[in-house]
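With my numbering, the residue at position 37 of the sequence shown is 255, and numbering never jumps.
In what follows, a single structure is set out as structure tokens and then discussed.
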Amino acid sequence: HADHTGGVAAVRRAFDAVFAAPEGDVELLERPDAWMTAMLPDFAPPPAADLVLREGDVLELGGMELRVVGTPGHTPGGVSFVLGHIVFAGDTLFRGSIGRTDLPGGDFEQELASIREVLFPLGDEVRVLPGHGPATTIGEERRTNPFLAGRWYP
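Listed below in structure tokens is the structure:
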């Protein structure tokens, strides 16, 4: 959505950066309604992706390897990035909450499944760095998140 992509064009120009987008969200890049740019006029629509991300891809960044894991729900192509005992969860999982699913392409049950089947198995000690708000851990969210507590089945 625009809160994550609104500055892409400027960053690409300033740093000669590559814009990567999940495979399942590529077609949404062409739909301003899906990215909320009409509601957030200060944000530019996202450009076309330079790189399409797929489940299982490994990105090398500054000598580190980030593994791409599919976490659809907030958007159809939602992904998270795993780096050792850290997961960059975007808008999939927050401290005490989950990403909204009422925007175009969102799917509440799919988001819960992504958290339960992809993120929870990473382990309770894994640190979650969400797209908004403070960090948390998988274990803390599994035990206390009101959207998830009692929904975990080993």
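We put the beta carbon where it would ideally sit given N, CA and C, even for glycine.
Model, not experiment: these values are computed from the prediction.
Exercise for review: Tell me whether the beta-carbon of residue 238 lies closer than 7 angstroms to the beta-carbon of residue 279.
Suggested key: No, Cβ-Cβ distance for residue 238 and residue 279 is not below 7 angstroms.
Check your understanding: Is it the case that the CB of residue 351 approaches a heavy atom of the ligand ADP more closely than 6 angstroms?
Key -> This structure simply doesn't include the ligand ADP, nor any ligand for that matter.
Practice item. Check the DSSP bridge columns for residue 354 and list the partner residues they point to. Key: Note: residue 354 sits in a beta bridge opposite 346.
Check your understanding: Between which two residues does the beta strand (DSSP E) carrying residue 229 extend?
Key -> It is not in any beta strand (DSSP E) - residue 229 instead sits in the alpha helix (DSSP H) that spans 226-233.
Exercise for review: Identify the continuous alpha helix (DSSP H) that holds residue 326 and give its terminal residues.
Suggested key: Taken as a continuous stretch (DSSP letters only), the alpha helix (DSSP H) holding residue 326 covers 326-332.
Check your understanding: Of all the options 240, 229, 249 and 224, which has the alpha carbon lying nearest to the alpha carbon of residue 321?
Key -> The candidate whose alpha carbon is nearest that of residue 321 is 249.
Point to revise | residue 371 in three-state terms, based on DSSP | key: Only weak support is given to the placement of residue 371: the predicted model assigns it a pLDDT of 47, under 50, and the value that follows is read from those uncertain coordinates. If DSSP states are grouped into helix, strand and coil, residue 371 belongs with coil.
Review point. Between which two residues does the beta strand (DSSP E) carrying residue 366 extend?
Key: Under the DSSP assignment, residue 366 falls outside any beta strand (DSSP E); it carries neither an H nor an E label.
Review point. Alpha carbon to alpha carbon, how far is residue 342 from residue 274?
Key: Counting only the Cα atoms, residue 274 lies some 21 angstroms from residue 342.
Review point. Rounded to whole angstroms, how far is the Cβ of residue 344 from the Cβ of residue 305, which I believe are closer than 8 angstroms?
Key: Sure, about 6 angstroms apart at Cβ, within 8 angstroms.
Review point. Who are the Cβ neighbours of residue 336 in its own chain at under 6 angstroms, not counting the five residues just before and after it?
Key: Cβ within range, chain order: 287 and 289.
Practice item. List the residues that DSSP assigns as beta-bridge partners of residue 283. Key: Partner(s): 278.
Practice item. Can you say whether residue 242 is buried or exposed, counting buried as having 16 or more other CB atoms within 10 angstroms of its CB? Key: By the 16-neighbour rule on beta-carbons within 10 angstroms, residue 242 is buried.
Check your understanding: Taking the continuous beta strand (DSSP E) assigned at residue 240, which residues delimit it?
Key -> Per DSSP, the continuous beta strand (DSSP E) segment holding residue 240 begins and ends at 238-240.
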